[in-house]
Amino acid sequence: MALRLKQTYPRLSQSFYSGDDILFQSRCLLGMHLCTFIAGRFTSGAIVEAEAYQAPDDKACHAYGNRLTKRTEVMFRAGGVAYIYLCYGVHHMFNVVTGPAGKAQAILIRAVQPEEGLNHMLQRRKMSKVNSRLTSGPGVLGQALGMHTQYSGAELTAPQTKIWIEDRGFPVEESKIQSGPRVGVASAGHCATWNWRFWISDNPWVSRWRA
DNA sequence: CGAATGATCGGCT
DNA sequence: GCCGATCATTCGA
0 MALRLKQTYP RLSQSFYSGD DILFQSRCLL GMHLCTFIAG RFTSGAIVEA
50 EAYQAPDDKA CHAYGNRLTK RTEVMFRAGG VAYIYLCYGV HHMFNVVTGP
100 AGKAQAILIR AVQPEEGLNH MLQRRKMSKV NSRLTSGPGV LGQALGMHTQ
150 YSGAELTAPQ TKIWIEDRGF PVEESKIQSG PRVGVASAGH CATWNWRFWI
200 SDNPWVSRWR A
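If you count by numbering that gives the first Met the number 0, then the first sequence holds residues 0 to 210, one letter each, in order.
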């Protein structure tokens with residue numbers, strides 16, 4: 000059993016999360032390591048695909064028009080908390096809330112390249128061997144990492160947090176970042192054309208909707 | 001209180 | 001490539 004090297008790498012800071020440039024932050028997240036320590040199981044993966052959502056003008060955002068509900072409330076908090084919601088009754092979708100308090104915006108993590116805790120991910124996904132279906136897509140990624148709506152609002156920078164993001168010092172080159180329209184938001188009018196989806200070009204773990 | 005909706009996935013063809 | 005599951009959330013009556 001290998002030692003769990005928790006805290007070996009620096010976590011993204013509060014100042015990063017509270018920054019107010021969500022497209023820049025979305026690009027920055029590519030290559031960062033999303034980690035969870037849930038039910039005694041450590042799992043991690045490198046972020047390879049992300050999408051930005053920003054109220055009040057973004058029709059695809061749950062907080063469009065600054066709609067404040069019990070579910071969207073966490074998006075209005077200061078950056079650095081998790082926004083996790085249930086989609087189609089089964090998928091727990093993980094987002095990173097960014098920006099100052101009062102401004103609802105979040106980045107959906109759509110795919111990760113699995114790194115640590117592969118056995119736990121396989122078990123949670125009921126799979127026998129690793130392939131791109133393990134973590135390529137927001138729903139399956141959430142399942143593999145043990146995400147659950149009960150953790151919505153979790154503070155990513157808290158000392159004992161179950162969910163956090165590490166900078167392991169391998170930034171993705173600007174030239175390898177591609178962008179395009181977001182997935183599944185065709186009904187969002189002109190917002191559907193915004194290139195607010197970012198991914199690492201030629202990375203096999205990017206979700207199947209790759210452009 | 002009832003009904004529509006959805007930032008998706010896996011199985012089947 | 002297509003199709004249906006599945007349920008919390010939201011909104012309107």
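Note that the Cβ used here is the ideal one computed from N, Cα and C, for glycine as well.
Since we're looking at a predicted model, the values are computed, not measured.
CA-to-CA distance, residue j to residue i, given in whole angstroms
i: S200; j: K128; result: 25 Å
i: Q159; j: Y16; result: 18 Å
i: Q142; j: H61; result: 21 Å
i: A187; j: V95; result: 21 Å
i: R26; j: A45; result: 13 Å
i: Q53; j: V139; result: 24 Å
i: F169; j: L33; result: 14 Å
i: Y82; j: T192; result: 24 Å
i: D166; j: H91; result: 24 Å
i: C190; j: K58; result: 6 Å
i: V73; j: V80; result: 8 Å
i: E115; j: T42; result: 5 Å
i: W198; j: K69; result: 31 Å
i: R196; j: A51; result: 7 Å
i: L133; j: R181; result: 21 Å
Reduced DSSP secondary structure (H/G/I, E/B, other) of residue i
i: G44; result: strand
i: M120; result: helix
i: H189; result: helix
i: R66; result: coil
i: F211; result: Beyond the ends of the chain as shown, which are 0 and 210, falls residue 211; an answer cannot be given.
i: F169; result: coil
i: L144; result: helix
i: V111; result: strand
i: L28; result: helix
i: M74; result: helix
Residues that DSSP places opposite residue i in a beta bridge
i: N163; result: Asn is not the amino acid found at residue 163; the sequence shown has Trp there. In the DSSP output, where bridge partners are listed per residue, W163 has C34.
i: M92; result: Y84
i: W198; result: E48, Q177
i: A105; result: Y52, V96
i: R10; result: E165
i: E154; result: V80
i: S135; result: A110
Environment of residue i [buried if 16+ CB atoms lie within 10 Å]
i: E48; result: buried
i: A38; result: exposed
i: R123; result: buried
i: A100; result: exposed
i: N118; result: exposed
i: A110; result: buried
Of the listed residues the options, nearest to residue i (C-alpha basis)
i: T148; options: G136, W195, G88; result: G88
i: L22; options: G183, G179, R207, A100; result: G179
i: G183; options: K161, S14, S206; result: S206
i: K102; options: Q112, G30, Y150, G64; result: G64
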